[in-house]
Amino acid sequence: MEQTKPFYDFCVPYNKDDSVMRALLSELVETGYKTVAIDQSFDHSKKEAGKRGSEMFPEPHKIEHLRREFQDKLRILQRITILYVDVNVAHAMSVSQNLRKFNLIAGQPKTDAALTHCCTAFNGDLITFDPAAGSRLLVNRKAYQVAVRRGMFFEIKYAPSIADSNYRKDMIKVAQNYCTKGKSKNIIFSSGAAHEFQLRGPYDVANLAFIFGLSEDQGKNAVDRHCRQLFLKAESRRLGKTVMFVKGNGPIVFSDSSEDEQSTEDDEMKADAFEVKDETEHAIKRLKMA
0 MEQTKPFYDF CVPYNKDDSV MRALLSELVE TGYKTVAIDQ SFDHSKKEAG
50 KRGSEMFPEP HKIEHLRREF QDKLRILQRI TILYVDVNVA HAMSVSQNLR
100 KFNLIAGQPK TDAALTHCCT AFNGDLITFD PAAGSRLLVN RKAYQVAVRR
150 GMFFEIKYAP SIADSNYRKD MIKVAQNYCT KGKSKNIIFS SGAAHEFQLR
200 GPYDVANLAF IFGLSEDQGK NAVDRHCRQL FLKAESRRLG KTVMFVKGNG
250 PIVFSDSSED EQSTEDDEMK ADAFEVKDET EHAIKRLKMA
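Take the sequence shown: its letter number 133 is residue 132 in numbering that gives the first Met the number 0, and every next letter is one higher.
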């Protein structure tokens, strides 16, 4: 089983400038995060009309140098966020080989129909929303429940609200919608921070639960347990059916059924011998008394 450690931040936007990425990752280490995902976006709605190739999605960015640099400090995953407007994205995802190279796949719907599809049939792991688009798209109760049963998670980004007060209002409205429609189940918190000064520690992020309508336990799970569940769900989607080998640390003892049966018979013979001995002692005592 893949090993990951809390705390988690599954949305660190990719930047071509390595110095910016190093500053973000260093700040994440300082604030206590152990597992992060570098996110890159792809707008499926802007695809070329005449393009019908089998591969439509980009390959993951080359971040091996960052993984080597933060090898003992961070587990760095790769994530893609797909923006789309209709269900045609399903076919493109089913034939794509590049998508299998990403650890996490997030869907960002741009229409109500796309939001319903994202909750009910999207072959990904995460549902997110665009802070710039505001709270125009709100999920309904039925779609939310279907998404939870499918193991999908809903993401709330906190960094955009730090940069703009309008984003803060929209984010609170979206979070309250999750609370009223689905009791805030399967919620995770991510940063979405483009700058290191927008990052906050995991305990500070967990305290946002009181603003977003979540309980204290839900706020803690949003940066720890739910993220771990999301990662395992994503791994099962990527790998499918696999073979598992279990290795034990202690000695292995093999028991023979004949030996077990013999030991059972020996125990029964010993019990019978004790009963005979007890009866003999009682008889001797009765003779002495007589």
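Note that beta-carbon positions come from the ideal geometry of N, C-alpha and C, so glycine has one too.
Since the structure is predicted, the reported quantities are computational estimates derived from the model, not experimental observations.
Give the straight-line distance between the Cα atoms of Phe211 and Phe9, rounded to the nearest whole angstrom. Rounded to whole angstroms, Phe211 to Phe9 spans 19 Å at the Cα level.
Have a look at Glu26 and Ser18 and give me their C-alpha separation to the nearest angstrom. Distance between the alpha carbons of Glu26 and Ser18 is about 12 Å.
Taking Asn139 as the reference, give the member of Ser183, Pro130 and Asp129 with the closest Cα. Of the candidates Ser183, Pro130 and Asp129, the one whose C-alpha sits nearest the C-alpha of Asn139 is Ser183.
To the nearest angstrom, how far is it from the Cα of Phe121 to the Cα of Thr179? Cα-Cα distance, rounded: 23 Å.
Does the ligand ZN have even one heavy atom less than 8 Å from the beta-carbon of Ser25? For the structure depicted, the ligand ZN is absent and the ligand set is empty, with no information on it obtainable.
Do you know how far the Cα of Asn97 is from the Cα of Cys117? Per the coordinates, the alpha-carbon of Cys117 lies some 20 Å from the alpha-carbon of Asn97.
Nearest to His194 by alpha carbon, out of Tyr7, Met20 and Ala146? Answer by Cα proximity: Met20.
Is the Cβ of Thr110 closer than 9 Å to any Cβ of chain C? Absent from the structure is chain C; it holds one protein chain and no more.
Stretch pair the stretch 71 to 83 + the stretch 26 to 41: three plus CB contacts closer than 8 Å: Yes: the two stretches touch, three or more of their Cβ pairs being nearer than 8 Å.
Where does Gly106 land, buried or exposed, given buried means 16+ other C-beta within 10 angstroms? Gly106 is buried by the Cβ-count criterion.
From the DSSP output, in three-state form, read off Glu154 for me. Here Glu154 sits in strand by DSSP.
Under a three-way DSSP split, which group does Ser40 fall into? Ser40: strand per DSSP, three-state reduction.
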